[in-house]
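To convert, count from 1 in the sequence shown and add 353; that's the working numbering.
Right, one structure below, let's go through it.
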Amino acid sequence: MGVHKTLTDVFLCVYAADVDAVIMLTQTPAVHTVSAGQEIVLNCSIPRDDGNSVSWYKQTPKGTPQYVPRLYRSNSSPTFGTGFSSDRFNSKASSNVYYQLIIKQTEEGDCCLKCSSSVLEDC
Numbered sequence: 354m355g356v357h358k359t360l361t362d363v364f365l366c367v368y369a370a371d372v373d374a375v376i377m378l379t380q381t382p383a384v385h386t387v388s389a390g391q392e393i394v395l396n397c398s399i400p401r402d403d404g405n406s407v408s409w410y411k412q413t414p415k416g417t418p419q420y421v422p423r424l425y426r427s428n429s430s431p432t433f434g435t436g437f438s439s440d441r442f443n444s445k446a447s448s449n450v451y452y453q454l455i456i457k458q459t460e461e462g463d464c465c466l467k468c469s470s471s472v473l474e475d476c
């Protein structure tokens, strides 16, 4: 019998100090259960093309959010946070508003993943 782990995604609101609107990012699936070792694809969509990057974060109970990969639209390859690598994780954009996180072989600790978009204005 294999180990099953629930990977949970949430809706995430991103607030910026100089922005009057809230950007709602949509993640799908909301909850996904897989056996350890399976591949999973998580989707993140942005309502409009105004972000410079999309990051995926792993949040553990009582822990600090850790960024897994960050994908800049001007760069075709994601950058990875400490402890994460392209051996198991990948991120790609099929457009400037639709992003994916791919976990090639899930492990028991792969849970609570969230996407976020950074909006940087020219100064």
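Glycine included, each C-beta is placed from N, C-alpha and C at the ideal position.
Original post:
Hey, N449 and D402: beta-carbon distance below 7 Å or not?
Top reply: Walking along the sequence shown from the start, residue 449 turns up at place 96. Walking along the sequence shown from the start, residue 402 turns up at place 49. Taking 7 Å as the Cβ cut-off, N449 and D402 qualify as a contacting pair.
Original post:
How many angstroms separate the CA atom of E460 from the CA atom of S398?
Top reply: As a first step, residue 460 is located in the sequence shown; it is residue number 107 there, counting from the start. As a first step, residue 398 is located in the sequence shown; it is residue number 45 there, counting from the start. C-alpha separation (whole angstroms): 25 Å.
**OP:** Reducing DSSP to helix, strand and coil, say where K344 ends up.
**Re:** Residue 344 lies beyond the range of the chain shown here (354 to 476); nothing can be said about it.
Subject >> Spatially closest choice to L378 from S388, Q391, S430 and L395, by CA coordinates >> reply: To locate residue 378, count along the sequence shown from 1; it is residue 25. Out of S388, Q391, S430 and L395, L395 has the C-alpha closest to the C-alpha of L378.
**OP:** Out of L454, Q380 and G462, point me to the one whose CA is closest to P414's CA.
**Re:** Taking the first residue of the sequence shown as 1, we reach residue 414 at position 61. That would be G462, whose Cα lies nearest to the Cα of P414.
Original post:
So what's A369 in DSSP terms, helix, strand or just coil?
Top reply: Stepping through the sequence shown from its first residue, residue 369 is reached at position 16. Only weak support exists for where A369 lies, its pLDDT of 38 falling under 50; the coordinates are left without a value.
Original post:
For V384, does the count of other Cβ atoms within 10 angstroms reach 16, so buried, or fall short, so exposed?
Top reply: Residue mapping note: residue 384 aligns to position 31 of the sequence shown, counting from 1. The residue is exposed, with fewer than 16 neighbouring Cβ atoms inside 10 Å.
**OP:** Measuring alpha carbon to alpha carbon, tell me which of W409, K457 and T381 ends up nearest L468.
**Re:** Numbered from its first residue, the sequence shown carries residue 468 at position 115. Looking at the sequence shown, residue 468 is not Leu but Cys. The residue with the shortest Cα to Cα distance from C468 is W409.
Original post:
Ordered along the chain, which non-local residues of its own chain (more than five positions away) have a Cβ less than 6 Å from that of Q453?
Top reply: Stepping through the sequence shown from its first residue, residue 453 is reached at position 100. So the qualifying residues of the chain are V394, N396 and K445.
**OP:** Would you mind reading off the limits of the beta strand (DSSP E) that contains I393?
**Re:** Indexing the sequence shown from 1 puts residue 393 at position 40. I393 -> beta strand (DSSP E) spans I393 to S398.
Subject >> Euclidean distance between Cα positions of G390 and P400 >> reply: Numbered from 1 along the sequence shown, position 37 holds the residue referred to as residue 390. Numbered from 1 along the sequence shown, position 47 holds the residue referred to as residue 400. Using only the alpha carbons, I get a separation of about 32 Å.
Subject >> Burial state of K457 (16 or more Cβ within 10 Å) >> reply: Stepping through the sequence shown from its first residue, residue 457 is reached at position 104. That one is exposed.
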